[in-house]
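Read the structure below first, then the notes.
Pasting the structure below:
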């Protein structure tokens, strides 16, 4: 007869108590798997949305452009960037920026005009799909404009509204044109909501008297390559340009997503770890006191304290193993369900946070780490929490324990 | 001249319980020798110190002062672990309430000490089955204690105590929970083991039936061994619980 057999039988001498404890620990493991996969899913989606919506994984600007955003600080010699993108199958879009005034009737607002190529934006980025009203631009949408939601509201513009645009051209002349509202964007980032007006690059050149000026190149591999890797590839082929990763462009969001995962996973691990360990410790203490007399007997007939410590800890380990199997089956099923179907948070409205648009369907992200971490953690915590009851059993004086009355 | 080996030797053993002003003197200067092959019975009224003495001889409790020698080893100088090992290898215990482990079968209960001694499975089986045969426990190997009668449980407890061929078996009120017929058969069984295997027994009891089997009777009174002889006139005093 092995110690494991003895521990196994001891575990089932009070099946109700054991089943309740197994259920509690299994529930903690399952909940931890589901919650962690949901958190990782949320953060990973937020990260992806951040890059995929508009920013890209890497952006290239002329030196100093990001500090004063002058129309004259445009990118030169961009052939190398195109070749890097092509060689590595990285999506690339070119954007032009200029500032001006936009008015509708008696209302007007300061605006940042984006000169874009709708086809490549649609191909490599997602913001063109975030249209609240009307349609996004096409390559033939001359004199059509797409507005940020709050900007449209501030000048009381709707689909088809005629807008008058005033800008100072690159040559110092005054540029003015009539545009018609083609679409209004959904909530995205605050700077886009309040001040973005998107037009075709051809219209931009006419309006600002420029000739194919490019202020920004955004590169997006859609998660296939790490942003740092793209940065290295581009930097290796170019000189005198600002090549920045999205983490460098949006350090707050990068930090938030990174820290958030660690914080949330730690928090949930602590909550469920403590809950499971207290439940298990309670069970093991009750079980120890119930069997005090027996421990006295086996001590009397020559069992060493160390062996008793091992036996009680083994009971706890067996219980945790059973709970882990159940917890993983339940938790993994739940997590896989949420990975496939997600959790619909449409009712909460169109959510954006700190420039990150949240997907209305909140999906889990399941990985081996998400399953094994809770199991390993809970096993460790449960074994540690069995040490106290095990030490009670190991330290008893046989002569007192033999006469112990519960 | 007595050539028997001395298994237990107690010299001026004192055991006090409590602290400060409230001290209970459980044993007061006990002098006792237990020799190999003894079949001794300790008698005495409740509170006379029988159980305390049994616990000290068995290494379950420590004397307040005095010398406790077991097979040449001074119990006062041994650690808890060393005492555990001596109990495991050299002392068998039979308790009043059988105290079998409920999650183990009769066979496994008897086998438990041999397992602690790390004896190979085949030898364990041989030894356990030998004693089960000798004690009329054949066919009951796979029964759990709850499936056995009181007498059967006590037989298994005796098997557990003697299966490892200990130097000494301590039996505390082993007939208290069984009927007189079963008690008689248990005592006969132990007497046989004493005769055949030279197993040394020390009983603590209130049961006058046990005295009939005793080779030596130790009478305890107020924590001391008295020279009083047990007779039909005074036996009631020692068998009153």
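Protein chains in written order, with our numbering: chain A, 62 to 467; chain B, 393 to 633.
Just so it is clear, CB atoms sit at the ideal spot from N, CA and C, and this is done for glycine as well.
Note that this is a predicted model, so its numbers are computed, not measured.
Within 8 Å, strictly: CB atoms of residue i and residue j
i, j, result
"residue 429(B)", "residue 586(B)", "yes"
"residue 502(B)", "residue 535(B)", "no"
"residue 255(A)", "residue 209(A)", "yes"
"residue 445(B)", "residue 612(B)", "yes"
"residue 527(B)", "residue 550(B)", "yes"
"residue 22(A)", "residue 462(A)", "Lying before the first or after the last residue shown, residue 22(A) is absent from chain A, which here runs from 62 to 467."
"residue 486(B)", "residue 519(B)", "no"
"residue 45(A)", "residue 457(A)", "Here chain A has residues from 62 to 467 only, and residue 45(A) is not among them."
"residue 20(A)", "residue 280(A)", "Residue 20(A) lies beyond the stretch modelled for chain A, which goes from 62 to 467, so this question has no answer here."
"residue 163(A)", "residue 226(A)", "yes"
"residue 177(A)", "residue 213(A)", "no"
"residue 340(A)", "residue 86(A)", "yes"
"residue 115(A)", "residue 249(A)", "yes"
"residue 567(B)", "residue 602(B)", "yes"
"residue 380(A)", "residue 79(A)", "yes"
"residue 451(B)", "residue 479(B)", "yes"
"residue 136(A)", "residue 275(A)", "yes"
"residue 469(B)", "residue 408(B)", "no"
"residue 417(B)", "residue 615(B)", "yes"
"residue 278(A)", "residue 139(A)", "yes"
"residue 547(B)", "residue 562(B)", "no"
"residue 132(A)", "residue 217(A)", "no"
Alpha-carbon to alpha-carbon, residue j and residue i
i, j, result
"residue 269(A)", "residue 223(A)", "19 Å"
"residue 97(A)", "residue 325(A)", "8 Å"
"residue 173(A)", "residue 134(A)", "15 Å"
"residue 150(A)", "residue 120(A)", "16 Å"
"residue 424(A)", "residue 348(A)", "42 Å"
"residue 309(A)", "residue 145(A)", "21 Å"
"residue 375(A)", "residue 415(B)", "41 Å"
"residue 207(A)", "residue 91(A)", "46 Å"
"residue 466(B)", "residue 460(B)", "6 Å"
"residue 263(A)", "residue 88(A)", "60 Å"
"residue 127(A)", "residue 166(A)", "33 Å"
"residue 71(A)", "residue 537(B)", "14 Å"
"residue 364(A)", "residue 489(B)", "19 Å"
"residue 238(A)", "residue 402(A)", "47 Å"
"residue 93(A)", "residue 354(A)", "38 Å"
"residue 427(A)", "residue 103(A)", "12 Å"
"residue 318(A)", "residue 105(A)", "8 Å"
"residue 160(A)", "residue 311(A)", "22 Å"
"residue 314(A)", "residue 377(A)", "42 Å"
"residue 505(B)", "residue 99(A)", "52 Å"
"residue 510(B)", "residue 477(B)", "12 Å"
"residue 362(A)", "residue 464(A)", "15 Å"
"residue 123(A)", "residue 191(A)", "28 Å"
"residue 405(A)", "residue 431(A)", "22 Å"
"residue 472(B)", "residue 398(B)", "23 Å"
"residue 448(B)", "residue 463(B)", "14 Å"
"residue 540(B)", "residue 396(A)", "50 Å"
"residue 229(A)", "residue 271(A)", "11 Å"
"residue 305(A)", "residue 153(A)", "14 Å"
"residue 453(A)", "residue 446(A)", "12 Å"
"residue 481(B)", "residue 507(B)", "11 Å"
"residue 4(A)", "residue 253(A)", "What is shown of chain A runs 62 to 467, which leaves residue 4(A) out entirely."
Please list the segments of the beta strand (DSSP E) lying wholly inside the stretch 397–479 of chain B, counting only runs of 3 or more residues, in order along the chain. 398–409, 416–427, 431–435, 457–462
How about the stretch 379–399 of chain A and the stretch 418–432 of chain B: do they share at least three Cβ pairs that are nearer than 8 Å? no
Return the residues of the stretch 81–105 of chain A that lie within a Cβ-Cβ distance of less than 7 Å from chain B, sorted by chain order. none
Identify each residue in the stretch 336–358 of chain A for which the Cβ-Cβ distance to at least one residue of chain B is less than 8 Å, and report them in chain order. 354, 355, 358
Flag this pair as touching only if the stretch 578–597 of chain B and the stretch 430–441 of chain B have three or more C-beta atom pairs under 8 Å; answer yes or no. yes
Can you give me, in chain order, the residues of the stretch 452–473 of chain B that have a beta carbon less than 8 Å from any beta carbon in chain A? 452, 453, 472, 473
Would you call the stretch 434–441 of chain A and the stretch 101–118 of chain A touching, i.e. three or more CB-CB distances under 8 Å? no
Any beta strand (DSSP E) of 3 or more consecutive residues that is wholly inside the stretch 80–150 of chain A: 119–123
If you measure beta-carbon to beta-carbon, which residues of the stretch 359–373 of chain A are closer than 9 Å to chain B? 359, 360, 361, 362, 363, 364, 365, 366, 367, 368
Every unbroken alpha helix (DSSP H) inside the stretch 496–564 of chain B [4 residues or more]: 498–508, 513–526, 542–554
Quick check for students: name the residue ranges of the alpha helix (DSSP H) that lie wholly in the stretch 278–316 of chain A, counting only runs of 4 or more. 288–298, 307–310
Taking Cβ-Cβ distances below 9 Å as the criterion, which residues of the stretch 304–337 of chain A are in contact with chain B? none
Residues of the stretch 488–501 of chain B with a CB closer than 8 Å to any CB of chain A: list them in chain order, please. 491, 493, 494, 495, 496, 500
Give the residues from the stretch 588–609 of chain B that approach chain A closer than 7 Å (Cβ to any Cβ), ordered along the chain. none
Using a Cβ cut-off of 7 Å, which residues of the stretch 396–421 of chain B contact any Cβ in chain A, in chain order? none
Counting only runs of 4+ residues fully inside the stretch 555–616 of chain B, write out the alpha helix (DSSP H) ranges in chain order. 572–589, 600–603
Run through the stretch 181–211 of chain A for me and flag every whole beta strand (DSSP E) of 3 or more residues, listed as ranges in chain order. 192–195, 205–208
At a CB distance below 8 Å, what residues from the stretch 64–75 of chain A approach chain B? Give them in sequence order. 67, 70, 71, 74
Which runs of the alpha helix (DSSP H) spanning at least 4 residues fall entirely within the stretch 333–377 of chain A, listed in chain order? 353–361
Could you name the residues of the stretch 435–461 of chain A whose beta carbon sits closer than 7 Å to any beta carbon of chain B, in the order they occur along the chain? 459, 460
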